[in-house]
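K.L.:
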Amino acid sequence: MMARRWVAETLFDGVRLAFEADAVLHDSTTGHHRLELIENSVFGRMLLLDGAVQVASADEFVYHEMMAHVPIIAHGAVRDVLIIGGGDGGLAEEVLKHRQVESVLQVEIDASVVELSRSHFGMFNAAAFADPRWRVEIADGAAFVRGTDRRFDVVLVDSTDPSDTSAALFTEAFYADVGRCLRPGGIVVAQCGVPFLQEAGFRGSMQALARVFDTVSCYIAAVPTYFGGHLALGWGSHGRAALDADVDTLSRRAANACRDTRYYTSEVHRAAFALPRYIDTALNEA
Ligand code: SAM
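Written out as structure tokens, the structure reads:
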């Protein structure tokens, strides 16, 4: 193990957030990212890519439960799920808690993220990575959706914030390809950053979704390691039925898969679409 140190995440000009590394478990550069893995006394085991926190064992449940359960329960009859990115496996774990899900295809660009997460985040991804319904393909998610003729009920875009590697995953062309990959009634949910700090990027993603889908919305989650207020999860679908599902319907559908959740409840699901005005304004002006 290397010496104790602080790892600072420079979020934007003028904001830097630091985590003390009780231990540095890994530090390498892959073909796509700088990959760091540290232990922190508050957030547990943390994965950083290019200096940005991706996942922490203590609070991963917030992001992964909300990204998986909201669209799957709203849809009500999901069989096939596509995850773009998400190489840590935390999202696949939540998706696979739904017994009606028959297949999860994960398209992740960086094999090292999957391998490192397999050996260090077994506390939340071991079941998913051993599940026969889960399959990983190492490829660029944008190229995958452009070329595939497979169809899915839900597509989850669990990407890094826009970078050279991931910028294509926030564009209209990408969402149009995702739209083609969705069966009727299908839903896409995409990580769209923290609007307080990333307003321009948030608006851009919402605009791109709105050019492709007739129903576009966004819901929020409070993820402790994502600094700057609520995280926004963008929603795109054709038709509003899933988006408008009432709390009794959600709660009936959630009864099995969501018994042991720590963040998701059907009430939180509905409430998450009630947006603070500054986010609602940005969404509606998009
Ligand atoms: N929840 C996280 C966040 O926003 O902080 C995202 C976590 S997950 C580890 C992000 C993954 O997206 C990374 O493993 C990265 O390799 C992957 N990724 C980035 N660009 C991609 C692309 N073009 N195609 C597929 N995967 C991509």
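Throughout, my numbering is defined as the position within the sequence shown, counted from one, plus 1123. Ideal Cβ placement from N, Cα and C applies to all residues, glycine included. It should be emphasised that the depicted structure is a prediction, and the values quoted were computed from it without experimental measurement.
Given a cut-off of 8 Å on the beta-carbon distance, is the pair residue 1276 and residue 1306 in contact?
P.N.:
yes
K.L.:
Taking one C-beta from the region 1233–1241 and one from the region 1201–1215 each time, how about it: are there three or more such pairs within less than 8 Å?
P.N.:
yes
K.L.:
For residue 1155, is the beta carbon positioned less than 7 Å from some heavy atom of the ligand SAM?
P.N.:
yes
K.L.:
Are the Cβ atoms of residue 1361 and residue 1233 separated by less than 8 Å?
P.N.:
Between residue 1361 and residue 1233, the gap from beta carbon to beta carbon reaches 8 Å or more.
K.L.:
For the region 1350–1367 against the region 1377–1388, are there 3 or more C-beta pairs whose distance is under 8 Å?
P.N.:
no
K.L.:
Taking 7 Å as the cut-off, does the CB of residue 1177 come closer than this to any heavy atom belonging to the ligand SAM?
P.N.:
yes
K.L.:
If I follow the unbroken alpha helix (DSSP H) through residue 1240, where does it start and stop?
P.N.:
1234–1243
K.L.:
In terms of residue numbering, what span does the alpha helix (DSSP H) encompassing residue 1170 cover?
P.N.:
Where residue 1170 is concerned, there is no enclosing alpha helix (DSSP H), although the beta strand (DSSP E) it sits in stretches over 1167–1172.
K.L.:
If you reduce the DSSP assignment to three classes, tell me which class residue 1193 lands in.
P.N.:
Helix.
K.L.:
Would you identify the three-state DSSP class for residue 1396, choosing helix, strand or coil?
P.N.:
coil
K.L.:
Are the Cβ atoms of residue 1253 and residue 1219 separated by less than 8 Å?
P.N.:
In this structure, residue 1253 sits away from residue 1219, with a CB-CB distance that is not shorter than 8 Å.
K.L.:
Quick check: the region 1342–1351 against the region 1185–1198, are at least 3 beta-carbon pairs closer than 8 Å?
P.N.:
yes
K.L.:
What residues in its chain sit with their C-beta under 8 Å from that of residue 1164, if we drop five residues either side in the sequence?
P.N.:
1143, 1145
K.L.:
Per DSSP, what kind of secondary structure is residue 1336 in: helix, strand or coil?
P.N.:
Note: residue 1336 maps to coil in three-state DSSP.
K.L.:
Can you tell me whether residue 1264 is buried or exposed, with buried defined as 16 or more other CB within 10 angstroms of its CB?
P.N.:
buried
K.L.:
Are residue 1331 and residue 1295 closer than 8 Å when you measure CB to CB?
P.N.:
Taking 8 Å as the Cβ cut-off, residue 1331 and residue 1295 qualify as a contacting pair.
K.L.:
The ligand SAM heavy atoms versus the CB of residue 1212: any closer than 7 Å?
P.N.:
no
K.L.:
Would residue 1158 and residue 1140 be called neighbours here (beta carbons separated by less than 8 Å)?
P.N.:
no
K.L.:
Distance, Cα to Cα, residue 1229 vs residue 1258?
P.N.:
Residue 1258 has its alpha-carbon roughly 6 Å from the corresponding atom of residue 1229.
K.L.:
Using only the alpha-carbon positions, how far apart do residue 1225 and residue 1202 sit?
P.N.:
5 Å
K.L.:
Identify the continuous beta strand (DSSP E) that holds residue 1134 and give its terminal residues.
P.N.:
Run containing residue 1134: 1128–1135, per the beta strand (DSSP E) assignment.
K.L.:
Considering only C-alpha positions, which residue in the set 1168, 1197, 1308 is nearest to residue 1389?
P.N.:
1197
K.L.:
Is residue 1309 closer than 8 Å to residue 1335 when the C-beta atoms are compared?
P.N.:
no
K.L.:
Could you work out which residue in 1193, 1150, 1271 is closest to residue 1174 when comparing CA atoms only?
P.N.:
1150
K.L.:
Hey, is residue 1236 close to the ligand SAM, as in C-beta under 7 Å from one of its heavy atoms?
P.N.:
yes
K.L.:
Who are the Cβ neighbours of residue 1299 in its own chain at under 7 Å, not counting the five residues just before and after it?
P.N.:
1335
K.L.:
Using the Cβ count rule (16 or more neighbours within 10 Å means buried), how would you classify residue 1182?
P.N.:
That one is buried.
K.L.:
Cβ of residue 1370 within 8 Å of Cβ of residue 1279?
P.N.:
no
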